[in-house]
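Shown next, in structure tokens, is the structure this report addresses.
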Amino acid sequence: MMSQSKDIRFILNNENISEYLNPTLIVLDYLRKKRKLTGTKEGCREGDCGACSILIGESICGKINYKVFNSCLLPMGEIDKKHVVTIEGLNQNELNIIQKLFVQEGAAQCGFCTPGFVIALTGFLMTSSDFSDCKAIEAIAGNLCRCTGYMAIKRVAIKLCEIFQALTESDPAAHNDRISFLISSKVLPTYFLDIEKRLNQITSESQPAIDNQCENIFIAGGTDIFVQNPEKLKTSKPLFLLNKFELQGIWIKENTCFIGATTSVEEIKQNPVLQDLFPNIVTYFNLVASAPIRFRATLGGNITNASPIGDMTIFFIALNAKISLTDGKNHREMFLKDLFLDYKKLDKHDEEIIEWLCFPLPQGDYRFHFEKISKRKHLDIATVNSAIFLQIKDNIIQKIDISMGGVAPTPLYLSQTVEFLKNKKMSNRVFDQVIKIVQSEISPISDVRGSERYKRLLARQILFIHFYKLLPDSLSQEVLL
Amino acid sequence: MKNSEAILHVKGESLFVDDIPLQHGTLYADLFVSPITSGEITHIDISSATNVDGVMAVLLANDIPGKNQIGNIIEDEPLLVDQKIHFIGQPIAVVVGNSPETARQGLNAIHIEYEKTEAVFDPRIAFSAGKLISPPRTFSIGDTEKTWAKCDIIVEGQCETGAQEHVYLETQAAYAIPKENGGLKIYSATQAASGVQKIIAHVLNVPMNKIEVDVPRLGGAFGGKEDQATAWACMVALASFTLKRPVKICLTRCQDMCWTGKRHPYSSDFKMGLTKEGLILAYEVTFYQNAGAHADLSPAILERTLFHTTNTYFVPNVKATGVSCRTSLPPNTAFRGFGAPQAMFVFEAALYKAANRLGKKVRELQKMNLLQDNKVLPYGMIVKNSRAKKCWNRLVKEYDIHKIEKRIQKFNQVNPFVKKGIAIMPVCFGISFTSTFLNQASSLVHVYLDGSVGISTAAVEMGQGVKNKIKKVAGQTLGIHDERIRIESTNTVRIANMSPTAASTGADLNGQATKMACLMIVDRLSRLAHTLLNAQKADSISLKDEKIYLNENQTEISWENLVNSAYFARISLSAQAFYATPHIFFDKKVEKGKPFAYFVYGASITEVTLNCLRGNYYINSVKVIHDAGTSLDPLIDRGQIEGGIVQGIGWNTCEEIIHGHDGQLLSKDLTTYKIPDVYFAPHDIQIKFLDIPNTLGLYSSKAIGEPPFLYGIGAYFALLNAMKAFRPELNMEFSSPKTPEKVLLALYE
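Top line first, the protein sequences correspond to chains Z and L.
If you're matching positions, the first sequence starts at 28 in this note's numbering and goes up one per residue.
If you're matching positions, the second sequence starts at 25 in this note's numbering and goes up one per residue.
Encoded structure:
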């Protein structure tokens, strides 16, 4: 059964488009094959290289907001009423400053990754709260280059920041209307000025009522499903969950923090409440994928993907999180840690989706740490990840929760370990004892991310790091050697 | 100067093979490949596949009109499996459909039965079983056997260096279009247009002049498209020839990673004898090269391994043996460095071990043994103009190695779980194809009536900036601005019998040919100007800045005027020139000769910081003195050095090829095979050019492509030093890449 084509209306660069298309058609294919916009390149089709980066502008409360996405993982159904910008849409008679710097610094060698980098840096100029080098580097962290060794590209980023820091100093209004500012500094073509108005003019049919029974596949950010099975999706009836506003957002109610299931990883990272609760959350979450993926990947998607090393899952299991599931009619709640039955097997019916996750707001003196170890530090899947929540009184462990991923068929809550540590004072001796319990609780296998021996060693190292970070004086180096 | 390639790139307007507008009626090829490592096909049924709606053809080995053979050096590799299967991913059938999707449906409908035979993955086991690609070769000088007794210490050991996936961002691609004469035009993402042309002609049994191969540019290659772009071009050529329709193929990343060869993994044994002061007296080494199932370029790669056995050091007694072992992997292939990195890694490991035994710093031994003029290399070439010491001395002085060492010592004293390490990596790399006959190139220069210039050469642009360098050479020789010059695609119709763009020689060979062709035109134009200006016999004419000069005085004749006058005077404004590198030779019978035009030297200091709790690390800096002669284009050369370093670091650190028990590739996508990203790349790379003209090079320059890759080896030994700072009694093993897993296991075992 072919999925039904839908009328999708959007602006592609400077052109209004209305087309009947399969909503699961991948934007990259549409751009390259149907529109012959070949500046957007296919490098991996799994969101790892960024060669297919495009900008998507979305009107939120009448204000347009741009983000960089990997078009290889983006279905056409998601660009309805949006502004799609490819490298061709940035070109003007003269090269803009990003393009000029790329030429000047020798930052384009074979050129295959170059348009993606230009898009990423344009996105940086359009959205970044400040023009610092590290923010610029973060913006290109999802783009791979095999020729330059990144040095020339970093020089571009740094010079770009210098230029724009100077420009904003002389024009304090620059931050208020970023689009106009970037048009006047010739980064963007002038047509960007009208896009907001044009987008708001695009009216669309009202979304069909939600009926979970009739669609046979749920798509949230799509950052995994479009990697795993793009073929199957072409003949499916997808329900795009990102259109369901009731699944979005972060709110506090009765000393409990709720996070809507389609809240993106980036939104969680940027949330002031969560940043307040977990001061290192930005550092932790920067190790989760790249910015374009974090914009798309959702909390609920990461959980239902059922990966034993899902970063969100591991993070929230240690916070004793609960989730709510619904099939559109009934709702049920359970502890997140109880959702996982076996490898990729969940205590969830096919027609159920996660609505939200919640966790009790930590009170008093609590400590939290998240640890992720992977082959490459950034934009890699964890070999082992783990989170710990700890409350201490007079050096005695009062409350403790530890999660660990990559060491079993499911994300683990280390219940025996935690049980053992309650009411104990951490020391080298206790560590020696507890590590034996950890090793008995986990059952890692050798795979592409590491051998069993390595994962068992990592489990020990991570446990040490947790306590070394949270209770610095409780352990000494000797316990490891 | 404006880099016209880069201008296209930043606008997304540069066309790669997959971007070429398709002709009406274009079909799509996909491949049915072997699911098993080793065995024989007992039955194959394609009937369901051919019945799939939209599938136009399913082509098997017996549909090939000519020779089912794509082997380049040795004819041992079929295009399509006839009966015997040699590796997982070996092509069996070409499925052609009217869309990529139908082609995929077609190949899913193929039914195959087979009998499995035993597979071999370890080159040493293959060697013991006599499975060799070619007979072992030995390069030797002096007498190692007699020398061991004179040595104060002897160190022995084993080294493993890993495979490396090219990860050119543009995957393998080809597009074939029928021509009116029963021939074909093939757009191929290859480094070797003539190689592709020759093999397609064999496969289709047509003369080479019916096959036109055009290469617009490559989205990276690094050696991975020198020999291994051929198969895909042959597939679409076969399909297009059979169906008389345009046919395209573009591999997915996963297909590309699973089906194509990698840098050769090597397993090597070394033995080194030294005086107690650290002078190397003798060195013996055996390289077991894991060639994969077919020869590909393995014998040539092994040869370069042997040439670079002693890197930039002098050893009076050497015996180096290389064995190319046939295993059950996809044929491994060329990759930046072409066998030299594997050899140099082993030598550094031996030095490292010897220094530890002697209680000396590695750098003391490195310095003491650097190559000097008039020394003889194991293959008989006498070293002239050695810059090994010059690079070394500038390196330690300008970057102040003592200060770095002190800083690191202090850092390591105060940080219990974080340790720093450094290593110096000196490099000497020979320039020329080691197969002497390949050192030839030609250039075709057309000057058009308006004074614009079009140049065709054998050089393929793949990001290394060869078009820009050739443009610069032409502009300088013709005395005109670069903006007037266009470098055309690489095309077999315009240039015949091209050598691949490889071995770092692209700019050297094709630049020299272009210079010669331009000089021919300059000569004709100068003679015309001589006449036009009524000059005397002794007067000299020169062309610069688009003007004609008489005895260094500017005349009123401009470049455009002169070109125009030449046309009406019926003087040819086109020239074709041929260049062959002079004074190089090699006699394989005695394994002696002078295979290289010159050497590129350099040295680097790599600094790393290791987190000893997590086993992960980052590369702080790589500081380099590099001998680029008089750089033709410092911006391009800097980019080549930086890119080479990061690729070399990747090979030694995070890039790990992992196979399952049955030989299936597990690290088959960019999720599981990690190349350096912007954060993993060194925080700082400093490059200073030695800047001494190379009298043997193109406009005094030196080749640039491969040598910088070797600096990446420094990362391995810097990590080893950081590990030793944490565990001084560390059991030293030489197994690259040094992944966080290997680091952590070694630190706590």
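We treat Cβ as the ideally placed atom computed from N, Cα and C, and that holds for glycine.
Bear in mind the structure is a predicted one, so any value in this text is a computation, not a measurement.
Strand pairing of residue i, partner residues [DSSP]
i, result
"H135 of chain L", "L:D69"
"R148 of chain L", "The partner list for R148 of chain L (beta bridge, DSSP) is empty, contrary to what the question assumes."
"Q418 of chain Z", "Z:Y393 and Z:K426"
"H358 of chain Z", "Z:T353"
"D34 of chain Z", "Z:Y47"
"K766 of chain L", "Answer is none; K766 of chain L lacks a bridge partner."
"L274 of chain Z", "For L274 of chain Z, which the question treats as bridged, DSSP gives no partner whatsoever."
"Q600 of chain L", "L:L468"
Separation of residue j from residue i, as counted between CA atoms
i, j, result
"T113 of chain Z", "G248 of chain Z", "20 angstroms"
"K162 of chain Z", "I53 of chain Z", "29 angstroms"
"E232 of chain Z", "P265 of chain Z", "Any reading at E232 of chain Z must be qualified, since the residue scores a pLDDT of 46, below 50, and its modelled position is unreliable; no value is offered."
"I728 of chain L", "P45 of chain L", "34 angstroms"
"A198 of chain L", "S123 of chain L", "15 angstroms"
"I106 of chain Z", "I146 of chain Z", "17 angstroms"
"N97 of chain Z", "I320 of chain Z", "7 angstroms"
"K613 of chain L", "N96 of chain L", "21 angstroms"
"Y307 of chain L", "V342 of chain L", "5 angstroms"
"V179 of chain L", "P389 of chain Z", "60 angstroms"
"P499 of chain Z", "S348 of chain L", "54 angstroms"
"I494 of chain L", "I565 of chain L", "24 angstroms"
"I237 of chain Z", "N256 of chain Z", "Confidence at I237 of chain Z is low in this model, with a pLDDT of 41, below 50, so its placement is unreliable and the value that follows should be read with caution. Each residue's alpha carbon lies about 24 angstroms from the other."
"T50 of chain L", "P270 of chain L", "5 angstroms"
"R510 of chain L", "G499 of chain L", "11 angstroms"
"L754 of chain L", "F733 of chain L", "28 angstroms"
"G36 of chain L", "G487 of chain L", "15 angstroms"
"Y370 of chain Z", "P335 of chain Z", "7 angstroms"
"G445 of chain L", "L382 of chain L", "20 angstroms"
"G113 of chain L", "L490 of chain Z", "42 angstroms"
"P706 of chain L", "I629 of chain L", "12 angstroms"
"L39 of chain Z", "R225 of chain Z", "12 angstroms"
Distance CB(residue i)-CB(residue j) smaller than 9 angstroms
i, j, result
"I673 of chain L", "P717 of chain L", "no"
"I223 of chain L", "L55 of chain L", "no"
"I709 of chain L", "V632 of chain L", "no"
"K372 of chain Z", "A348 of chain Z", "no"
"A184 of chain Z", "N27 of chain L", "no"
"Y47 of chain Z", "D56 of chain Z", "no"
"T333 of chain L", "A373 of chain L", "no"
"Q126 of chain Z", "P216 of chain Z", "no"
"A527 of chain L", "Y603 of chain L", "no"
"L82 of chain Z", "G150 of chain Z", "yes"
"G77 of chain Z", "L171 of chain Z", "yes"
"T340 of chain Z", "P438 of chain Z", "yes"
"I380 of chain Z", "L268 of chain Z", "yes"
"K712 of chain L", "L743 of chain L", "no"
Presumed contact (8 angstroms Cβ cut-off) between residue i and residue j, rounded CB distance
i, j, result
"R360 of chain L", "E666 of chain L", "The pair is not a contact, with the Cβ atoms about 13 angstroms apart (cut-off 8 angstroms)."
"K271 of chain Z", "T289 of chain Z", "7 angstroms"
"R548 of chain L", "S596 of chain L", "7 angstroms"
Query raised in the report: Between the segment 462–479 of chain L and the segment 629–649 of chain L, are three or more C-beta pairs nearer than 8 angstroms?
Result: no
Query raised in the report: On the three-pair Cβ rule with 8 angstroms, is the segment 135–149 of chain L touching the segment 49–65 of chain L?
Result: yes
Query raised in the report: Between the segment 87–104 of chain L and the segment 319–337 of chain L, do three or more beta carbon pairs fall short of 8 angstroms?
Result: yes
Query raised in the report: Looking at C-beta atoms only, is the number of pairs between the segment 733–746 of chain L and the segment 441–451 of chain L that lie closer than 8 angstroms three or more?
Result: yes
Query raised in the report: Taking one C-beta from the segment 394–413 of chain L and one from the segment 617–635 of chain L each time, how about it: are there three or more such pairs within less than 8 angstroms?
Result: yes
Requested in this report: Would you be able to state if there are at least three C-beta pairs under 8 angstroms between the segment 139–147 of chain L and the segment 163–177 of chain L?
Outcome: no
Query raised in the report: Can we say the segment 291–298 of chain L touches the segment 370–386 of chain L, given the rule of at least three CB pairs closer than 8 angstroms?
Result: yes
Requested in this report: Count the CB pairs spanning the segment 219–239 of chain L and the segment 156–163 of chain L that are closer than 8 angstroms, and state whether there are at least three.
Outcome: no
Query raised in the report: Taking three-plus beta-carbon pairs below 8 angstroms as touching, is the segment 250–260 of chain L in contact with the segment 204–220 of chain L?
Result: yes
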